[in-house]
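> Residue numbers (the working numbering), protein chains in the order written: chain A, 10 to 75; chain B, 250 to 507.
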């Protein structure tokens with residue numbers, strides 16, 4: 010399965026849900042927000058959303074800013 | 250104790266809002282925020298670097314103490330700004346947003362048309378919108394009519410430390426405003442913050458001046474004093490300016506006859 014994650018093409022051998030993808034990337038789910046194909050996801054639904062080949066994800070977090 | 254600042258029905262003791270960008274370390278940032286007395290801090294949203302994920306900024310900011318005000322920095326048009334605001338809300342922030350649309354990378358001046366467009370959309374979606382804007386009194390009226398919680402005219406370009414260069418227009422905005430006026434951007438010294446407050450601004454927002462110094466902790470304290478001094482002077486009422494001297498000491502006549 011090929012995903013575009015934050016602009017990078019990445020291959021995964023097995024199917025993943027969003028929760029599993031975050032775990033694979035070692036990201037704390039409470040500290041990020043995820044867009045799947047430009048739709049903002051609700052964190053409660055991460056485990057229910059099975060990713061498909063060709064999906065585009067943006068994983069965003071807070072940084073310092075003025 | 251200063252009089253309270255009220256934004257969208259919420260009251261704050263401090264009239265200084267602080268940014269969290271460009272600090273040399275999280276420790277320096279935390280010290281500057283603490284000493285500044287601020288209660289509202291701005292944050293930005295960025296892509297996670299998935300090859301090199303960093304500790305979240307949020308683990309260093311006490312959410313009990315500070316209201317997070319996510320900004321839409323990086324947005325070049327209304328659509329991008331709205332997208333960022335929605336992301337911030339989805340990330341668990343209260344629906345407050347510092348709306349910032351800056352298409353020009355050299356001066357980072359806010360786009361008035363796209364800012365107004367985004368403000369209209371975000372207000373309808375239930376956001377409390379604090380728009381960063383050019384110091385244009387007519388635009389300030391339009392934004393207020395759109396339902397923004399404040400107007401935030403710029404003193405000078407972001408990060409320029411040049412102070413209140415838009416003074417005359419900010420005065421008109423203050424005179425006409427029906428919402429709090431927060432002077433944002435370009436305030437490089439406590440005296441600049443004091444100047445804005447003496448003019449009657451309701452608050453100021455400072456980032457670079459706190460971060461880009463050898464001692465952010467001390468600078469946070471200095472800005473707190475500047476803001477408080479300016480507010481107190483405004484409330485007391487500054488004396489009128491005159492073209493000629495007016496003696497402060499009595500001119501007694503005994504030294505000579507005329």
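Virtual Cβ for every residue (Gly too), placed ideally from N, Cα, C.
#1: Expressed to the nearest angstrom, what Euclidean distance is found between the alpha-carbon atoms of residue 351 of chain B and residue 357 of chain B?
#2: Decide if the stretch 33 to 40 of chain A is in contact with the stretch 299 to 308 of chain B; the criterion is three or more beta carbon pairs, one per stretch, under 8 Å apart.
#3: Taking only the alpha-carbon atoms, compute the straight-line gap between residue 359 of chain B and residue 24 of chain A and give it to the nearest angstrom.
#4: Taking residue 432 of chain B as the reference, give the member of B:384, B:424 and B:472 with the closest Cα.
#5: Run through DSSP, which three-state label would residue 439 of chain B get?
#6: Thinking C-beta only, is residue 280 of chain B closer than 8 Å to residue 469 of chain B?
#7: For a contact defined as C-beta to C-beta under 9 Å, what are the partners of residue 404 of chain B on chain A?
#8: Within 10 Å of its beta-carbon, does residue 497 of chain B have 16 or more other beta-carbons around it, so buried, or fewer, so exposed?
#9: At what residues does the alpha helix (DSSP H) containing residue 386 of chain B begin and finish?
#10: What number of angstroms, rounded off, separates the C-alpha of residue 316 of chain B from the C-alpha of residue 495 of chain B?
#11: Need the endpoints of the beta strand (DSSP E) that residue 11 of chain A sits in, please.
#12: Using the rule of at least 16 other Cβ atoms within 10 Å of the residue's Cβ for burial, across every protein chain shown, is residue 476 of chain B buried or exposed?
#13: So with Cβ pairs under 8 Å, would you call residue 67 of chain A a contact of chain B?
#14: Rounded to whole angstroms, what is the Cα-Cα separation between residue 318 of chain B and residue 346 of chain B?
#15: Taking the alpha carbon of residue 67 of chain A as the reference point, which residue from A:29, A:49, A:39 and A:20 has its own alpha carbon closest?
#16: In three-state terms, what does DSSP make of residue 382 of chain B?
#17: Can you confirm whether residue 35 of chain A, when its beta carbon is compared against all beta carbons of chain B, has any partner nearer than 8 Å?
#18: Starting from the beta carbon of residue 72 of chain A, find every residue of chain B whose beta carbon is closer than 9 Å, and list them in chain order.
#19: Check the DSSP bridge columns for residue 49 of chain A and list the partner residues they point to.
#20: Evaluate the contact criterion for the stretch 436 to 452 of chain B versus the stretch 55 to 65 of chain A: three or more CB pairs, one atom per stretch, below 8 Å.
#21: Closest Cβ-Cβ distance between residue 17 of chain A and chain B: below 8 Å?
#22: Taking one C-beta from the stretch 383 to 399 of chain B and one from the stretch 421 to 428 of chain B each time, how about it: are there three or more such pairs within less than 8 Å?
#23: Output yes if chain A places a C-beta closer than 8 Å to the C-beta of residue 259 of chain B; else output no.
#24: At the level of alpha carbons, what is the spacing between residue 414 of chain B and residue 337 of chain B?
#25: Taking only the alpha-carbon atoms, compute the straight-line gap between residue 467 of chain B and residue 309 of chain B and give it to the nearest angstrom.
#26: Determine, using beta carbons only, whether residue 251 of chain B and residue 259 of chain B come nearer to each other than 8 Å.
#27: Applying the 10 Å Cβ sphere with the 16-neighbour rule, what's the burial state of residue 504 of chain B?
From the atom records:
#1: 5 Å
#2: yes
#3: 44 Å
#4: B:384
#5: helix
#6: yes
#7: Correct list: empty, because the minimum Cβ distance to chain A is about 13 Å.
#8: exposed
#9: 386 to 395
#10: 47 Å
#11: 11 to 14
#12: buried
#13: yes
#14: 6 Å
#15: A:49
#16: strand
#17: yes
#18: 269, 270, 292, 293, 294, 295, 303, 305 and 306
#19: A:44
#20: no
#21: yes
#22: yes
#23: no
#24: 32 Å
#25: 19 Å
#26: no
#27: exposed
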